[in-house]
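In terms of our numbering, the sequence shown opens at residue 78 and continues consecutively. The next block holds one structure in the form of structure tokens; read it before the comments.
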Amino acid sequence: MTEQDGIGRMSASFRHRAQHRLTSIAIGLSLVVGVTLASVVPAFADAGSRASCMGHEASAISPPGSSDEFPGGMPAVKQFIDVEFPGVPPGTIYSTIAKLHEGSHKACDEALE
């Protein structure tokens, strides 16, 4: 075995390890990108029965355009609060609604009438 042969074998071994490492990185990146893209799909689920009335309202009117009650979604709720309760911070209203746990969107709407 000559010195030249040793360098050739190391070089092939190095190339193999580098290719293996590159493949591992590519697979890892693919998984990260796949999981990230899968998580940006909007959720179209109703709030559970134990949710607050704020949760029921938000799920019933989101995304914007999905409800006749507030076609603009949650931004329309803020506009409604600004008009109906001038000078009252929106957080005060949200907090009050969030303390109610009526069990359904309909029951929450009735409790807030």
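Where is the CB? At the ideal position from N, CA and C, for every residue including glycine.
With 16 other Cβ atoms within 10 Å as the buried cut-off, status of residue i
i: E134; result: buried
i: F91; result: exposed
i: I104; result: exposed
i: I102; result: exposed
8 Å contact criterion, which residue i and residue j should meet: CB distance rounded
i: S136; j: A124; result: 4 Å
i: H182; j: S129; result: Not really, about 11 Å apart at Cβ, beyond 8 Å.
i: S107; j: G180; result: Contact doesn't hold; Cβ gap of about 43 Å is too wide.
Cutoff 7 Å; reference residue i; Cβ partners in own chain excluding five residues on either side
i: G132; result: A124
i: A144; result: The amino acid occupying residue 144 in the given sequence is Ser; Ala does not appear at that position. Only A137 and I138 meet the Cβ criterion.
i: I170; result: I158 and F162
Cut-off 6 Å between Cβ atoms - residues of its own chain near residue i, not counting five sequence neighbours on either side
i: K155; result: P167
i: P141; result: G149 and G150
i: K176; result: none
i: L99; result: none
Chain-order list of residues whose beta-carbon lies under 8 Å from that of residue i (same chain, five-residue window excluded)
i: I174; result: S129, C130, M131, E134, C185 and L189
What residue ranges within the segment 95-181 form continuous beta strand (DSSP E) runs of no fewer than 3 residues, ordered along the chain? none
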